[in-house]
Structures are given as C-alpha cells and as structure tokens.
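According to our numbering, the sequence shown holds residues -17 to 518 in order.
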Amino acid sequence: MNALDKLIGYVSPNRALKRNVARQKMNLMNSGYGSHGASATKKSMKGWRSRGGSAKEDIEDNVPMLRERSRDLYAGTPLATGAIKTLRTNVVGSGLRLNSQIDYEFLGMSEEEADAWETVVEREFALWAESMHCDLQRMNNFYELQQLAFLSQLQSGDVFVLLPMLKRVNMPYDIRIHVVEADRVCNPNGSMMSINNTIVNGVEIDSNGEVVAYHFAKNHPLSFGNTPQKWTRVEKFGRLTGRPNVLHLMETERPEQRRGVPILAPVIESLKQLGRYTEAELMAAVISGMFTVFIKTDTGDISTVLGQASNDPYYADEVEEEEQDAPNYELGNGAIVGLAENESIETANPGRPNQAFEGFVTAICRQIGAALEIPYELLLKNFTASYSASRGALLEAWKMFRMRRSWLANDFCQPIYEEWLAEAIAKGRIPAPGFFKDPMIRKAYCGAEWNGPSQGQIDPLKEAQAAELRIKLGASTHGREAVELTGGDFFRNVRQLVTEKRMMKVVQDIIGPETAKGGENNEQILDDEQKRNTDE
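What follows is the structure, encoded as structure tokens:
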C-alpha cells in the first residue's frame, strides 16, 4: 500500500479497501494465455477445475483401473473390439516378415555374396520362427506372438517379453520368447510405490532414473488361486554380456513415465456410454417388436379360454405350483396373458426404431476415431463416400499404421532377431567374422527390414499406374512399390518371372507358340461363338 492509499485509509477506510480490491483484480488480468486458456476471470473458465500432477500421479496411480476397464470394453463393446482388431490386422496382419539387409559394403562383401548370406539367414530364421518351439509355452510361432504382444499392449498399455534359454529336441536354437501380461509386473507386496520410491509399479529405477530391473509376480495378481505370491527380480540387461533380459513394449506419453496407458484410455467413458445407449435402443426395439394378447376374465384363469383341460394331472400340478408365486406379467413373442376382474394395462409406445440413433452414433464414432487415429470409415468398415474421400481416409490411417509397425519392429522383432542371430553365429550355423569383436561389424550383420501386409487398393488399376509413374520419375523403386502394392519381394519376383519365362519357352517349343499363348485366343473364340449365337 502506497502513501496515498494510507492517507485515504485514515480518512475513509472503506474507500481504501475498495481501491486495494480493484488493484488485486487488475493483477489477475494477465496478458497472453492469462487472458485466454489460463484465464481465471472469464465466466467460461471459472468452472474449469483442474489439478496437475507428475507422471506418477496422472498415470502410474491410475494405470490398474484403466487396464481393467480397457479389457472389459474389449470383451463386451463391439466398437472397442473392432478398433483394436483393426489396428492389429493392419499393423501386424499375418506377421512382420524378416528381410535381411546387411551392410555388405562395410563388411567387404560383394553383392552376390551378401545376397547368398541373407538367403541362408532367412532360411535359418524361418526354421526357428515358423515353429511353436520359439514360444516358451509352445503355443504360438514368432508371427503369432507378434499379434499377441501387440494386442496385449493395446489393451493393457504395455506388455513384457522375456528371452530365456531352453533346450528342446529337434530344435538347434535355444532362445525362447515368453510374453508376460502387464499385471504381473508390480511392486512386491502389492504397494504402488516402494518406500524409497525406487520401484514404480514393478519397474525399478536407480538414482539417475534409469530402469535397471523389473519385478515379476509368480501368479497373476487378479487370479483367484491360493498359491502364495512371490516376486522375482529380473535385471533389464545382463551385467556381463549386456544382453537384454526383458523387452518392455509401451508407448511413452510423458517424460519419466514408467508404465504404458491403454490406447482406449481417452475414450473409455465415450465407449461405455455408447455401449449402454446401444443396449437400451436394442432392448427398446425388441420390446417394440413383440406382440402380446391380454384376455380379461373374472378370475384371471385363461386355461378354459385356451382349451386347456383343468383336470389334467400334469397341468394341475403346474397351476398349483404357479399359484404359490406372485403373478408374473411379462411381454413375449406372441405371449398371452390373463387379467382378472378390475385389472387393466397401460401401454407405452417406445417409438422404435429410433430415427436419430444412427446419426448420433455416427457423430460419437467420429470423435472416437479421431482420438484413436482411425478414420470413421475404417473404424466402422463403412466406405460410402467417393473414391478420393475413401482413399484420403486410408492414407491418413496408414500414416499411423506405419508408425506403429515401425515401433513394433524396433521394440519387438529386431531385438529378438539380433539375439537369435547371435546364437546362430555362436553355434557356427551362420558365418560372420568379427561379429562378437566389433560393435560396428555386429550392427552391419544385424541390418534388417520387417515387411507387413500391404496397404491394399481401392482401385488397383489406378494404383498400379501411379506406381509405374513414380518409378519412371525416380520418386520410388521397384522394390518399394512391390512391398506397397502386394507385400512381395521384387528380387524374388524377378527370379520367379525368369523361371516362368524359361518354362513358357519350353512349352511353346513343344505345343507351338499360338497355343501356348492360351487365354487371348480362347477368349476370342468364345466371343465369336457367342456373337454368332446371338445373331441366330
């Protein structure tokens, strides 16, 4: 309070107080965001109560509830199930396939030698990956485990993969894949945080914030078994070899975040409410479609009206048993209900089907699709727009699909492949001089691409013409376009075409070139014959 305010305060305290209050209000009127999103004086913002917190308060404390609700939606809400399976099908499909791409120039190899080496590696990897022996539980092969890990990560927010070594008959490789659900990584004794805050939801960190180990529960925390619970501490990397013992698949949203958030987390409320609304509309439509007849009598007994014999011993027993219970009036398909004297019914027309149902659901689905980065057309598999609009929606979706596919390849496929390759080289099944001596040589040998299902085309002819034009302009390559259009390998396609061309040449030499051409001449003959039949 300045000297003037003090002087006014001596003469008129109320006036001095008003001046002070006005000055405080002026202090609240900040510039920039203070006048907009951070305003505390606007009427539209006064009712907005928010409390910020760290990643621990905002995420870690809420992960268990989000995880359970997300899996419940996946199990019982069709839209949630469809969204997650759409992601699974487009990102993983039948599995991301290995395409070995070593740095042969750095390794001092010729192109032919590199191609031969890559062929051997892919053949050996297929021996292990296409067998269920690669799974610790002997239930899935490597490509099916990709689907399992990705689905679990989407539902639970994260998933863990262990890489134990276990010998098995008729399998030269000992490395195994063990996919562990997110719930089993938790703090010992069930607490959310350890006393010294070094274990966050089962993830142990050191003083620098580095993840050093994970704590795995022997039994699933949500199971109803009576087996005593125990925890096993597994270091993230081996101390001597640096080998990854645990792969943690999660999508990080904030710095210092230790556990993942289910992909449905932002739309859990919308999906649940939409599911309830859909069930209510479905029940109303079912009730509206029922036809019930009410018969009014003095006693409420309709057996004589329907021609039922009251002296039937079996029927008498049923009537005596029913009379002990309270009257039960319910609608049914073609039901007939008896009403006693002075009893009447009141009917209400539910007005179903609701004409506004589809428009409302569509609006909500658009918002859900925007949050999940899945266009409405793809979310509901409803392509009713124009070619350009549908293509634009697919292209936008495939930006996200490629991002998630790259994430899955980097965090799941590539680390497992590198560990398998190290074992194969150590056992002498694949030659790789200097692999264990120089990290650069190891990296050169481990180069690989992981190709998944192709995007697909709305109009295959237009897509093929566009691919041909991109190749002519130098904007793309034959190899890339082969993957984009069909998911195939250009070099293998070329080799196959050469073989087929050679075989066709042999066929032409035997039966003649005109006959070997096949389809065109035969189709022309059929067309001419059909034309003659029409004229006749």
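Note that CB positions come from ideal geometry on N, CA and C, so glycine has one too. None of the values given here were measured: they were computed from a predicted structure.
field: Phe417 in three-state terms, based on DSSP
entry: As a first step, residue 417 is located in the sequence shown; it is residue number 435 there, counting from the start. Looking at Phe417 - three-state DSSP - the assignment turns out to be coil, as it is neither helix nor strand.
- prompt: Can you name the start and end residues of the alpha helix (DSSP H) that His460 belongs to?
  reply: Counting from 1 along the sequence shown, the entry for residue 460 is found at position 478. Here the alpha helix (DSSP H) through His460 covers 460 to 468.
task: Report back the beta-carbon spacing between Ala430 and Ser92 to the nearest angstrom; my notes put them in contact at under 8 angstroms.
output: Walking along the sequence shown from the start, residue 430 turns up at place 448. Walking along the sequence shown from the start, residue 92 turns up at place 110. In this structure Ala430 does not touch Ser92 by the C-beta definition: roughly 20 angstroms separates them, more than the 8 angstroms allowed.
query: Quick one: what's Trp432 bridged to in DSSP?
result: If you number the sequence shown from 1, residue 432 lands on position 450. Note: Trp432 sits in a beta bridge opposite Leu80.
- prompt: Between the segment 112 to 125 and the segment 155 to 175, do at least 3 Cβ pairs fall closer than 8 angstroms?
  reply: yes
field: Spatially closest choice to Leu127 from Val162, Arg150, Glu94, by CA coordinates
entry: For the purposes of this step, residue 127 is taken as the residue at position 145 of the sequence shown. The residue with the shortest Cα to Cα distance from Leu127 is Val162.
task: Would you check if the distance between the CB atom of Lys218 and the CB atom of Val194 is smaller than 8 angstroms?
output: Start at 1 with the first residue of the sequence shown, and residue 218 comes out as number 236. Start at 1 with the first residue of the sequence shown, and residue 194 comes out as number 212. Against a cut-off of 8 angstroms, the Cβ pair of Val194 and Lys218 comes out as a contact.
Collapsed DSSP secondary structure at Glu502 in the structure displayed: Translated into positions along the sequence shown, residue 502 becomes position 520. Reliability of the predicted coordinates at Glu502 is poor, the pLDDT of 49 falling under 50, and the value obtained from them is presented with this limitation in mind. Note: Glu502 maps to helix in three-state DSSP.
message: Between the alpha carbons of Ile453 and Pro244, how many angstroms are there, rounded?
response: By 1-based counting over the sequence shown, the position of residue 453 is 471. By 1-based counting over the sequence shown, the position of residue 244 is 262. Taking the straight line joining both Cα atoms gives about 40 angstroms.
C-alpha distance - Glu482 paired with Gln490, whole-angstrom precision: Taking the first residue of the sequence shown as 1, we reach residue 482 at position 500. Taking the first residue of the sequence shown as 1, we reach residue 490 at position 508. Near 12 angstroms, if we compare the C-alpha coordinates of Gln490 and Glu482.
- prompt: Can you tell which of Glu355, Met272, Pro435, Thr23 has its C-alpha closest to the C-alpha of Ala65?
  reply: Counted from its first residue, the sequence shown places residue 65 at position 83. Comparing Cα positions, the closest option is Glu355.
query: In terms of DSSP beta bridges, what is Phe219 paired with?
result: In the sequence shown, counting from the first residue as 1, residue 219 sits at position 237. DSSP lists Pro226 as partners of Phe219.
task: Can you tell me which of the three DSSP states Arg150 falls into?
output: Within the sequence shown, the letter at position 168 stands for residue 150. Arg150: strand per DSSP, three-state reduction.
task: Kindly list the residues whose CB is nearer than 6 angstroms to the CB of Ser52, restricted to its own chain and excluding five residues on each side of it in sequence; keep chain order.
output: Here the question's residue 52 lines up with position 70 in the sequence shown. Excluding positions up to five away in sequence, the list reads Gln137, Pro244, Leu246.
Leu288 - DSSP class collapsed to helix/strand/coil: For the purposes of this step, residue 288 is identified with residue 306 of the sequence shown, where counting begins at 1. With a pLDDT of only 49 at Leu288, under the threshold of 50, the placement of this residue in the model should not be trusted; the figure read from the coordinates follows. Three-state result, Leu288: coil.
- request: Grab me the residues of Glu112's own chain with a C-beta within less than 6 angstroms of its C-beta, minus the 5 sequence neighbours each way, in chain order.
  value: Within the sequence shown, residue 112 is the residue found at index 130, counting from 1. These residues qualify, in order along the chain: Asn123.
- request: Look at the alpha carbon of Asp54 and the alpha carbon of Leu360, and state the distance between them as a whole number of angstroms.
  value: Here residue 54 refers to the residue found at position 72 of the sequence shown. Here residue 360 refers to the residue found at position 378 of the sequence shown. Cα to Cα, Asp54 sits roughly 23 angstroms from Leu360.
message: Quick check: what's the CA-CA separation for Thr209 versus Pro154?
response: Numbered from 1 along the sequence shown, position 227 holds the residue referred to as residue 209. Numbered from 1 along the sequence shown, position 172 holds the residue referred to as residue 154. Rounded to the nearest angstrom, the two C-alpha atoms are 35 angstroms apart.
message: Nearest by alpha-carbon distance to Trp380: which of Arg70, Met422, Ile181 is it?
response: Locating residue 380 in the sequence shown gives position 398, counting from the first residue. A check of alpha carbon separations from Trp380 across Arg70, Met422, Ile181 identifies Arg70 as the nearest.
task: For Val103, name the three-state secondary structure that DSSP assigns.
output: Here the question's residue 103 lines up with position 121 in the sequence shown. Here Val103 sits in helix by DSSP.
task: With DSSP collapsed to three states, give me the class of Glu445.
output: Indexing the sequence shown from 1 puts residue 445 at position 463. If DSSP states are grouped into helix, strand and coil, Glu445 belongs with the helices.
- prompt: Just checking, does the segment 250 to 263 make contact with the segment 433 to 443 on the three C-beta pairs under 8 angstroms criterion?
  reply: no
message: Nearest by alpha-carbon distance to Ala353: which of Ile(-10), Leu253, Ser372 is it?
response: Within the sequence shown, numbered from 1, the residue matching residue 353 stands at position 371. When only C-alpha atoms are compared, the closest one is Leu253.
message: Does the segment 102 to 112 come into contact with the segment 402 to 416, if we say contact requires no fewer than three beta-carbon pairs (one atom in each stretch) closer than 8 angstroms?
response: By the Cβ test, the segment 102 to 112 is in contact with the segment 402 to 416, since at least three Cβ pairs between them sit closer than 8 angstroms.
message: Let me confirm a value: Thr214 is counted as buried when at least 16 other C-beta atoms fall within 10 Å, else exposed. Which label applies?
response: Your numbering for residue 214 matches position 232 in the sequence shown. Its Cβ having fewer than 16 others within 10 Å, Thr214 is exposed.
message: At the level of alpha carbons, what is the spacing between Ala(-2) and Ser32?
response: Reading the sequence shown from its first residue, position 16 is the one you call residue -2. Reading the sequence shown from its first residue, position 50 is the one you call residue 32. If I take the Cα positions, the gap works out to 34 angstroms.
query: Looking at the structure shown, is Phe198 part of a helix, part of a strand, or coil, going by DSSP?
result: Position 216 of the sequence shown holds residue 198. Secondary structure at Phe198: strand, using DSSP grouped into helix, strand and coil.
task: Compare the C-alpha of Gln447 against each of Gly461, Leu467, Cys428 and name the closest.
output: Residue mapping note: residue 447 aligns to position 465 of the sequence shown, counting from 1. Taking only the C-alpha atoms, the option nearest Gln447 is Leu467.
- request: Below 8 angstroms CB to CB, which residues in the same chain sit around Pro203 once its five sequence neighbours on both sides are set aside?
  value: Indexing the sequence shown from 1 puts residue 203 at position 221. Excluding positions up to five away in sequence, the list reads Asp165, Arg166, Cys168, Gly172, Gln211.
Whole-angstrom C-beta distance between Leu144 and Asn569, which should lie under 8 angstroms: Any property of residue 569 remains undetermined from this structure, which presents the chain solely from -17 to 518.
Where the alpha helix (DSSP H) through Glu401 begins and ends: Sequence index remark: in the sequence shown, residue 401 carries index 419 (1-based). Residues 396 to 408.
task: Counting only the same chain and skipping the five closest in sequence on each side, list residues whose C-beta sits under 6 angstroms from that of Ser21.
output: For the purposes of this step, residue 21 is identified with residue 39 of the sequence shown, where counting begins at 1. Excluding positions up to five away in sequence, the list reads Met27.
- prompt: Which term fits Gln239, buried or exposed, when burial requires 16 or more other beta carbons within 10 angstroms of its beta carbon?
  reply: Residue mapping note: residue 239 aligns to position 257 of the sequence shown, counting from 1. Burial call: buried.
- request: Grab me the residues of Met382's own chain with a C-beta within less than 8 angstroms of its C-beta, minus the 5 sequence neighbours each way, in chain order.
  value: The count along the sequence shown starts at 1 and reaches residue 382 at position 400. Only Glu355, Ile356 meet the Cβ criterion.
message: Is the separation between the beta-carbon of Gly139 and that of Arg241 shorter than 8 angstroms?
response: If you number the sequence shown from 1, residue 139 lands on position 157. If you number the sequence shown from 1, residue 241 lands on position 259. A contact, by the Cβ cut-off of 8 angstroms.
- prompt: What is the DSSP secondary structure of Met422, reduced to helix, strand or coil?
  reply: In the sequence shown, the residue the question calls residue 422 occupies position 440. Note: Met422 maps to helix in three-state DSSP.
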